[in-house]
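Down below is the structure, laid out as structure tokens.
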Amino acid sequence: MAEIQDLPKAYEASAIEDKMYAEWEASGVFNPDKLPDRNQKGEPYCIMMPPPNRTGTLHMGHAMGMAVQDLLIRFERMRGKKALWVPGTDHAAIATQVKVEQLLIKEGMKDPRKELGREKFLERVVQFADESRNTIVNQTRKMGSSCDWSRERYTFDKERNAAVYQLFKMMYEDGLIERGYRIVNWDPQFQTTLSDDEVQTKDVTTKLLTFTYDKDFPIAISTTRPESKFGDTAVAVHPNDERYKKFIGQTFEPVFCGKKLSIQIVGDEAVDPAFGTGALGVTPAHSMIDADIAQRHNLKTVPVIGKDAKMLPECGPEFAGLSIEETRAKVEKTLSEAGLLKSVEEVQQALPIAERGGAPVEQLPMEQWFVRVNKPFTLRQDTLRKPSDSFFGKLFGTGTGWKKGEQVTLKQLMMTAVESGQTRIIPEQFEKIYFHWINNLRDWCISRQIWFGHRIPVWYRGSEMKVSDVSPGEGWEQDPDTLDTWFSSGSWTFSALGWPDQKEWEAHRAYHPTAVLETGKDILFFWIARMVLMSTYALGEVPFKDAYLHGLVRDEQGRKMSKSLGNILDPLELIPKYGTDAVRLSLLIGNTPGQDTKLSEQKIEGYRNFTNKLWNISRFILMQMGDEAQQAKGAETLADRWILARLSEVSSSVTKKLETYQFSAAGEELRDFTWNDLADWYLEIAKVEKGKAEILKTLLQSVLKMWHPFMPFVTEYVWGLAKFDGKLIVAEWPDPLVLPLAKGETKEGVSEFESLRQLVTDMRRLRAENGVEPAKQVEFVVVGAHMSALIEQNNAWIMRLVNGSCISVSSIPDGYAVTPSGKATIGLNLAGAVDLEKEKAKLTKELEQLQKYVASTEAKLANAEFTSKAPEKVIADMKAKLAEAQEKVKTIEARL
RNA sequence: GGAUGUUUAGCUCAGUUGGUUAGAGCGCACCGUUCACAUCGGUGAGGUCGCAGGUUCGAAUCCUGCAACAUCCACCA
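Counting in the working numbering, the first sequence runs from 655 upward without gaps.
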């Protein structure tokens, strides 16, 4: 095999990756309909790719997601499932619009939306989004993602728009979508509402003013937002507060900074009498908390801040049109001059700001569309019911869900999906966070005043209103608002499978609920919860069986990767440098689900080294397979039995770990097996013991298969070089039971070889610990420094040295070793002696503990302290253990 | 303020129902290597498992309290 010899010593990733990906794609295996028969008969297995936002390029977090999903899909495909991975992108409404707006401003426009108008502006956004899509698709391919491009979806394409319309219509008819005048989060910068989740907070220092509205007002109040006080309609106090009790029910008409107010004094439990003055100025128009109080006491709502974050004319000519900052200063000055200001205090406050853009968010009352999460509605179908799976469900007929026609709220559906275990969140601890979030969920404001997004399918003509996806006719105008981006991505698992189009949906029905949703933990609420909502509502089933959450990818110091810190690791720069396989390994191994990961270039370099190690292992095995000496039928030696037993062990363990999302542990185990057992021991032995071609082939095949989901490129490439059957991507996952080993041999082979390995290690240690006679020491030094394998040959044991010479070790059981020349005798019995001392000490300690255990257990038995366990059995177990320990000690003592 | 995590070797982290001598990778020190691989091999040093109690024959693991850090939620006007 001359060609094998000519292969480069170092693996050259970039030379093969693109070609390899093109080959896979051309072979059609990414499409489940074109998979081999074995998979056609297999169970459907589907992953929906979380569609990346069309806002630019992919980052390390995406790369991690892709690596995990591709690992799962390749693993299940090899296991014979009908595996479908649907790729796609998200229009991301506000995020994309904001991005484009910022770009246009950079290009010199002052107010792009005004300058271009709705149509022209949207053209620019669409153009940007399309370019972004191309970049994302390219990067996804570079990562080696084996997703079905023939089924690529977009959250803003025609079919997904049909799903959005269908859902809106259903929810509207069920009374779950409503228009209402309520307080919403308003972003003055981008002139749109925001959901609670799109609002973040920033710690700032601000002034806490304590004052009275005017000199005749009897109660002082405190505020950090003096500008909003023009809209106060009440002062709330605790109903039992002795200071203010007498005022409750009265109405005052103070003049605040020139504006006449009407202030009712109300008693409300929500007020903390210990904070500030114990009295709260209620501003129903600009605080959600105050709006709640206002609702309880039927208070009027008076807006005083406009959409542009400037004061409204209601505040009087002196203040109208002023900014919030200006108003604050002026109010403070006015109060101070009038002698109404009691105190000014610096306090820490969390200022709400917009997630995109960062402008302070105002709370304003507006007419908007809402999804009612707490409103009961009549179920259209049995929902979340799986009676066959549940013993109690069958027994009581209740199942873990609701029946058609029952009254239920969306919130209850979201709870049940996870409570019943029909959707599992991995790691489990996130279930608690999920429940907590659902419990505190408020109605979801779904209308946005931005232009890029699914238009709200509602039409108006005068006072008439109709829900429709097309114009109902002459004179009808569509609602100018668009839908929150999560309204469309909430239906992703089923809209991407064709719902509500009957033909498409039926063709893909078997893939839903999808197997697993893999995404970042930061997106639990935004997305996961909303997918559960949409899917349980529309289909009556969960969107996915498992939600696997990965942590954030941080830099080596644990900081978030960001442009301003300049610590971004870009997958597109790393892949040409280290190879996709190395980048994937560094994202898959060495981290824990749900826990943030620190990534450094050094780590990727380490996995590049491993990729190269696997390459060289393969190269060596390929050479051996072509070597005539290796072709001879090898007797199954101890080493053979050992390595095959290990392989069997490892493959079953790795399979189990991958099934339970323990990717890191699986990878580590595989790495240890590949590097330590296979390369460092078995391959060294194969240099001396010949006739191993068959076993080497088995080993190489199995190792390539198991590594394939982790590092698809190098494994598939070697598979091709070895001329193994077909493509590795559709090869059968190794089954630990088919290895050519009798059961009895497995353990024996392993333990025997392990004990020899231990012996070698002991000898190395002894060389250091015990001074050996000079004549012998020479040999020992050689042994310790060079020996790389222990092998069986002609009924003798041979230690092979890297420099080519061998030492024959005879009579291992008796503990002697002799070199071929017979010059040096190694006192292995000494090794035994040293170990025996330690062993004895350890066992003696264990024995003492067990004796105490016996004593305490017997005492408990006498006092009848046992409640559950059968005492006889406990005592018997314990005594057996004790006897075992005593036996061991005796054996050791005899040998000493 | 509430919730959820984290705290194990110099660094990054494993450690699955409590049970031999607490592990790995990187880094470090020393030794070595022409024929699979210096993107290599061998040997070694390095840990009171955050702190304080408790349960147990036995605790990194279970319980209680404390501390530090992180994230999320709610924010006191």
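Where a beta carbon is used, it is the ideal one built from N, C-alpha and C, also for glycine.
Owing to the predicted nature of the structure, the values given are computational and were not obtained by experimental measurement.
Per-residue burial, residue i [other beta carbons within 10 Å of its own, 16 or more giving buried]
i: alanine 883; result: In the sequence on display, residue 883 carries lysine and not alanine. Flag for lysine 883 reads buried.
i: isoleucine 790; result: buried
i: valine 1308; result: buried
i: leucine 1312; result: buried
i: lysine 1477; result: Its pLDDT being 27, under 50, lysine 1477 is placed unreliably in this model, and the coordinates cannot settle the point.
i: lysine 900; result: exposed
i: leucine 1033; result: buried
i: alanine 664; result: exposed
i: leucine 1219; result: exposed
i: aspartate 1468; result: Residue placement at aspartate 1468 is poorly supported in this model, since its pLDDT is 27, which falls under 50; the coordinates are not used for a value here.
i: threonine 859; result: exposed
i: alanine 1013; result: exposed
i: serine 799; result: buried
i: alanine 1443; result: For alanine 1443, the predicted model reports a pLDDT of 41, less than 50, meaning its position is unreliable; a value from the coordinates is still stated below. That one is buried.
i: lysine 1544; result: exposed
i: isoleucine 1480; result: Note on isoleucine 1480: pLDDT 32, under 50, position unreliable in the model; the coordinate value appears next. The residue in question, isoleucine 1480, is buried, as its Cβ has 16 or more Cβ neighbours within 10 Å.
i: arginine 731; result: buried
Residue range of the alpha helix (DSSP H) that includes residue i
i: asparagine 839; result: Per DSSP, asparagine 839 belongs to no alpha helix (DSSP H); it is in the beta strand (DSSP E), 831 to 841.
i: arginine 1184; result: 1184 to 1192
i: tryptophan 1361; result: 1347 to 1361
i: methionine 942; result: 942 to 951
i: methionine 1068; result: 1064 to 1073
i: tryptophan 1023; result: Note, tryptophan 1023: premise wrong, no alpha helix (DSSP H); beta strand (DSSP E) at 1016 to 1025.
i: tryptophan 1113; result: Premise fails: tryptophan 1113 lies in the beta strand (DSSP E), 1112 to 1115, not in any alpha helix (DSSP H).
i: aspartate 672; result: 667 to 681
Rounded distance between the beta-carbons of residue j and residue i, thought under 8 Å
i: glutamine 1103; j: asparagine 839; result: Going by Cβ atoms, the distance from glutamine 1103 to asparagine 839 rounds to 12 Å, so no, they are not a contact pair.
i: threonine 887; j: glutamine 918; result: 7 Å
i: alanine 1347; j: methionine 1277; result: So it is not a contact: roughly 11 Å between Cβ atoms.
i: aspartate 1235; j: methionine 1360; result: Actually they do not touch by this definition, with Cβ atoms about 14 Å apart.
i: leucine 1038; j: glycine 1055; result: 3 Å
i: phenylalanine 1198; j: threonine 1147; result: 6 Å
i: glycine 734; j: glycine 682; result: The pair is not a contact, with the Cβ atoms about 17 Å apart (cut-off 8 Å).
i: aspartate 1002; j: proline 1030; result: Sequence inspection shows glutamine at residue 1002; the aspartate mentioned does not correspond to that position. At roughly 41 Å, the Cβ-Cβ gap does not stay under 8 Å, so glutamine 1002 and proline 1030 are not in contact.
Residue j beta carbon less than 7 Å from that of residue i
i: alanine 1164; j: proline 698; result: yes
i: alanine 1008; j: aspartate 1176; result: no
i: glycine 834; j: phenylalanine 1024; result: yes
i: methionine 1185; j: glycine 1248; result: no
i: tyrosine 675; j: arginine 795; result: yes
i: glycine 715; j: glycine 1212; result: no
i: aspartate 1155; j: leucine 1206; result: no
i: leucine 1358; j: valine 1342; result: no
i: alanine 1071; j: valine 1196; result: yes
i: phenylalanine 1084; j: leucine 1187; result: no
i: lysine 1058; j: aspartate 1036; result: yes
i: alanine 974; j: threonine 955; result: no
i: glycine 885; j: valine 958; result: yes
i: methionine 942; j: isoleucine 837; result: yes
i: asparagine 1028; j: threonine 1063; result: yes
i: leucine 757; j: aspartate 802; result: no
i: isoleucine 1271; j: alanine 1340; result: no
Span of the beta strand (DSSP E), counted from its first residue to its last, around residue i
i: glycine 1374; result: Premise fails: glycine 1374 lies in the alpha helix (DSSP H), 1366 to 1375, not in any beta strand (DSSP E).
i: glycine 935; result: 933 to 936
i: histidine 713; result: Histidine 713 -> no beta strand (DSSP E), and no H or E assigned at all.
i: isoleucine 1177; result: Isoleucine 1177 -> no beta strand (DSSP E), and no H or E assigned at all.
i: arginine 733; result: That residue, arginine 733, is in no beta strand (DSSP E); it is neither H nor E in DSSP.
i: serine 876; result: 875 to 877
i: lysine 856; result: 853 to 865
i: glutamine 1003; result: 995 to 1008
Touching by the beta-carbon criterion (3+ pairs, under 8 Å), the region 979 to 990 and the region 928 to 938
Taking 8 Å as the limit for Cβ pairs, the verdict is that the region 928 to 938 does not touch the region 979 to 990.
Does the structure place the region 718 to 732 close enough to the region 1232 to 1245 that three or more beta carbon pairs sit under 8 Å?
Here the region 1232 to 1245 lies against the region 718 to 732, with 3 or more beta-carbon pairs under 8 Å apart.
Determine contact between the region 1252 to 1266 and the region 1089 to 1108, defined as no fewer than three beta-carbon pairs at a distance below 8 Å.
No, they do not touch.
Could you check whether the region 1103 to 1117 touches the region 741 to 753, counting it as contact only if at least three pairs of C-beta atoms, one from each stretch, sit closer than 8 Å?
Two segments are said to touch when three or more pairs of C-beta atoms, one from each, lie closer than 8 Å; by this definition the region 1103 to 1117 touches the region 741 to 753.
Any contact between the region 1376 to 1385 and the region 1296 to 1305? By contact I mean 3 or more CB pairs, one from each, below 8 Å.
Verdict: no, contact absent.
Mind the definition here: the region 699 to 710 touches the region 775 to 786 only if three or more C-beta pairs lie below 8 Å; say whether that holds.
Yes, the region 699 to 710 is in contact with the region 775 to 786.
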